[in-house]
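Undergrad:
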Amino acid sequence: MKSSRRQFLGLVAGAAALPMAPHAAWALDYPTRPVRVIVGFPPGIGPDITGRLMSQWLSDHLGQQFIVDNRPGASSNIATELAAKAAPDGYTLLVTVSTNAINATFYKNLAFDFTKDLVPVGFIGSTPFVMVVTPSFPAKTFEEFIAYAKANPGKIDMASQGVGTSPHVAGEMLMMLTDTKLLHVPYRGNLVPDLLSGQVQLYFSPLPQVIQYVREGRLRALAVTSAKRTDALPDVPAIAEFVPGYEASGWYAMSAPTGTPAEIIAKLNKEMNAGLADPDLKAKLIAIGVEPKPMTPNEFAKFTADEIDKWAKVVKFANIKAE
0 MKSSRRQFLG
10 LVAGAAALPM
20 APHAAWALDY
30 PTRPVRVIVG
40 FPPGIGPDIT
50 GRLMSQWLSD
60 HLGQQFIVDN
70 RPGASSNIAT
80 ELAAKAAPDG
90 YTLLVTVSTN
100 AINATFYKNL
110 AFDFTKDLVP
120 VGFIGSTPFV
130 MVVTPSFPAK
140 TFEEFIAYAK
150 ANPGKIDMAS
160 QGVGTSPHVA
170 GEMLMMLTDT
180 KLLHVPYRGN
190 LVPDLLSGQV
200 QLYFSPLPQV
210 IQYVREGRLR
220 ALAVTSAKRT
230 DALPDVPAIA
240 EFVPGYEASG
250 WYAMSAPTGT
260 PAEIIAKLNK
270 EMNAGLADPD
280 LKAKLIAIGV
290 EPKPMTPNEF
300 AKFTADEIDK
310 WAKVVKFANI
320 KAE
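Going by numbering that gives the first Met the number 0, the residue at position 46 of the sequence shown is 45; the numbering climbs one at a time, nothing skipped.
(1) G170 to A252, Cα distance in whole Å?
(2) Keeping to the same chain, check which residues put their C-beta closer than 8 Å to that of G197; ignore five residues upstream and five downstream.
(3) Give every residue of the same chain whose Cβ lies closer than 8 Å to the Cβ of A231, excluding the five residues on either side of it in the sequence, and list them in chain order.
(4) Looking at F141: is its Cβ nearer than 8 Å to the Cβ of F203?
(5) Quick one: residues in its chain with C-beta nearer than 6 Å to the C-beta of A110, no 5 flanking neighbours on either side, listed in chain order?
(6) Rounded C-beta distance between G121 and E290? I'm assuming under 8 Å.
(7) According to DSSP, what are the bridge partners of T91?
(8) Kindly indicate which residue of T126, D112, V199 has the alpha-carbon position closest to the one of I155.
(9) Where DSSP assigns a beta bridge to F65, which residues make up the other side?
(10) Whose C-beta lies closer than 6 Å to the C-beta of H167 among residues of the same chain, with five residues either side of it excluded?
(11) Express the C-alpha separation of T31 and A226 in angstroms, rounding to a whole number.
(12) Cα-Cα, which of Q208, N189, L195, K149 is closest to L182?
(13) Please classify K266 as buried or exposed, where buried requires at least 16 other C-beta atoms within 10 Å of its C-beta.
(14) Skipping 5 residues on each side, what residues in its chain have a beta carbon closer than 7 Å to that of K281?
(15) Spatial neighbours of H60 within its chain, please: C-beta separation below 7 Å, excluding the five flanking residues on both sides.
(16) Can you tell me where the alpha helix (DSSP H) holding A234 begins and where it ends?
(17) Exposed or buried, what is F299 when buried is set at 16 or more other beta-carbons lying within 10 Å of its beta-carbon?
(18) Please return the same chain residues whose Cβ sits closer than 7 Å to the Cβ of P137, not counting the five positions on each side in sequence.
(19) Please report the straight-line C-alpha distance between A273 and P293, rounded to a whole angstrom.
(20) Within a Cβ cutoff of 6 Å, which residues of the same chain sit near F65, ignoring the five residues on either side of it in sequence?
(21) Comparing C-alpha positions only, which one of T98, E246, V38, D193 sits nearest to M175?
(22) So, at 8 Å on beta carbons, what are the nonlocal neighbours of A317 in its own chain, with the 5 sequence-adjacent residues on each side left out?
(23) Within the continuous beta strand (DSSP E) that includes V191, where are the two ends?
(24) T177 and I145 - do their beta-carbons sit closer together than 8 Å?
(25) If distances are taken between C-alpha atoms only, which option among G45, P42, I48, A321 comes closest to H185?
(26) Does the distance from the C-beta atom of W250 to that of T126 stay below 8 Å?
(27) So the candidates are E306, I238, K312, P119; which of them puts its Cα closest to the Cα of V131?
(28) Can you check which of these residues, V38, A78, I44, L52, is closest to D277 by C-alpha distance?
(29) A83 and D47 look like a contact to me (Cβ under 8 Å); what is the Cβ gap, rounded to whole Å?
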């Protein structure tokens, strides 16, 4: 793992040190045609919503369409492989999320290496997951939920986008720290309709995906997974208020195939960071529970390496196995 971390950081440093010619001319004109932005999850959930907001900003300010291409499945590995094997010319980007950091060590036989085949472009922001249940669920508070879970081991359905995804691991961490047992129900598509109808009871959701349902009272938020409460839902407590040491924030960013010219990455990073400083885009992100966090590619690389290390320990401790 330490070797992969060094290689990943080394790739970024090497890309930054590439000479300006001949690719510098490419960056001056880039982009000259539409750019594909691959999202490894279905439309309407956190990565898709956030990726579309940033793609629209890039479209508006770089003069070409940044077109979102949803390729859900296999805990985002299908999309990640497509991006990793795409031409490194700046015309394919990947909306990278916390699940990618989990997958880097969770899956042993992938057809790509996340830390070698993709390089950071820019960070968008972080978001807590929010622990939501249907309004008819017996527990009205987080403390009542834990008491109910202890009294009914294995009888609460916990939905996720798949084994090893961030929502799944967030739930596993809760079970680990509270000595409870939930029944994991992995989905391939958008699980929210089943959640709203009561077919599944619990979901550790990216905040952008369900925040409107919470505000409308169609889902009940019991707690958020960040270390502290979020401004988007100030009345909802953090799990850490009851379970010391619990923290499982998600995040959104963009990566590109390794070999993408450093000048193009620099241009995209500069424009993304400008978007995060723009009051209108910033307000839209905050409204859906995403805290904008501009980073350089090097800062993003270090952040990702730290995330890979963190989640590898959780997966090992919880003994989570790939399907």
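All residues carry an ideal CB built from backbone N, CA and C; glycine is no exception.
TA: Put simply:
(1) Position 171 of the sequence shown, counted from the first residue, corresponds to residue 170. Position 253 of the sequence shown, counted from the first residue, corresponds to residue 252. Between G170 and A252, the C-alpha separation is close to 23 Å.
(2) Translated into positions along the sequence shown, residue 197 becomes position 198. Answer for G197: T133, S135, listed in chain order.
(3) In the sequence shown, counting from the first residue as 1, residue 231 sits at position 232. Same-chain partners within the cutoff: L206, I210, I285, A286, I287, G288.
(4) Within the sequence shown, numbered from 1, the residue matching residue 141 stands at position 142. Within the sequence shown, numbered from 1, the residue matching residue 203 stands at position 204. No; because the gap between Cβ atoms is not below 8 Å, this pair is not in contact.
(5) As a first step, residue 110 must be located in the sequence shown, where it is residue number 111. So the qualifying residues of the chain are E80.
(6) Residue 121 sits at position 122 when you count from the first residue of the sequence shown. Residue 290 sits at position 291 when you count from the first residue of the sequence shown. Not confirmed; about 15 Å, so no contact.
(7) For the purposes of this step, residue 91 is taken as residue 92 along the sequence shown, with counting starting at 1. Paired residues: R35.
(8) As a first step, residue 155 is located in the sequence shown; it is residue number 156 there, counting from the start. Taking only the C-alpha atoms, the option nearest I155 is V199.
(9) Here residue 65 refers to the residue found at position 66 of the sequence shown. Bridge partners of F65: V34.
(10) As a first step, residue 167 is located in the sequence shown; it is residue number 168 there, counting from the start. These residues qualify, in order along the chain: S159.
(11) For the purposes of this step, residue 226 is taken as residue 227 along the sequence shown, with counting starting at 1. For the purposes of this step, residue 31 is taken as residue 32 along the sequence shown, with counting starting at 1. Cα to Cα, A226 sits roughly 43 Å from T31.
(12) Position 183 of the sequence shown holds residue 182. With distances taken between Cα atoms, L182 lies closest to K149.
(13) Position 267 of the sequence shown, counting from 1, holds the residue named residue 266. Per the 10 Å Cβ criterion, buried.
(14) Residue mapping note: residue 281 aligns to position 282 of the sequence shown, counting from 1. L275, P291, listed in sequence order.
(15) Mapped onto the sequence shown, residue 60 falls at position 61. Contacts found: E270.
(16) Numbered from its first residue, the sequence shown carries residue 234 at position 235. It should be pointed out that residue 234 corresponds to Asp in this sequence rather than to Ala. Run containing D234: none; DSSP gives neither H nor E here.
(17) Taking the sequence shown and counting its residues from 1, the one referred to as residue 299 is at position 300. By the 10 Å Cβ count, F299 comes out buried.
(18) Taking the first residue of the sequence shown as position 1, residue 137 is located at position 138. The answer, listed in chain order, is Y147.
(19) Stepping through the sequence shown from its first residue, residue 273 is reached at position 274. Stepping through the sequence shown from its first residue, residue 293 is reached at position 294. Each residue's alpha carbon lies about 9 Å from the other.
(20) As a working note, residue 65 is residue 66 in the sequence shown. Closer than 6 Å at the Cβ level, and outside the excluded window around F65, lie V34, V36, S54, L57, S58.
(21) Reading the sequence shown from its first residue, position 176 is the one you call residue 175. The shortest Cα separation from M175 among T98, E246, V38, D193 belongs to E246.
(22) Indexing the sequence shown from 1 puts residue 317 at position 318. Within the same chain, A317 has close Cβ partners V168, E171, M172, M174, M175.
(23) Indexing the sequence shown from 1 puts residue 191 at position 192. First-last for V191: 191–196, but that is the alpha helix (DSSP H), not the beta strand (DSSP E).
(24) As a first step, residue 145 is located in the sequence shown; it is residue number 146 there, counting from the start. As a first step, residue 177 is located in the sequence shown; it is residue number 178 there, counting from the start. It is a contact, given that the beta carbons lie within the stated cut-off.
(25) Translated into the one-based positions of the sequence shown, residue 185 becomes position 186. The question names His, but residue 185 in the sequence shown is Pro. The shortest Cα separation from P185 among G45, P42, I48, A321 belongs to A321.
(26) Counting from one through the sequence shown, the residue named residue 250 turns up at place 251. Counting from one through the sequence shown, the residue named residue 126 turns up at place 127. Result yes, Cβ atoms of W250 and T126 sit closer than 8 Å.
(27) Stepping through the sequence shown from its first residue, residue 131 is reached at position 132. For V131, the nearest C-alpha among the options comes from I238.
(28) By one-based count along the sequence shown, residue 277 stands at place 278. Closest option to D277, Cα to Cα, is L52.
(29) Residue mapping note: residue 83 aligns to position 84 of the sequence shown, counting from 1. Residue mapping note: residue 47 aligns to position 48 of the sequence shown, counting from 1. Incorrect: roughly 20 Å between the Cβ atoms, too far for contact.
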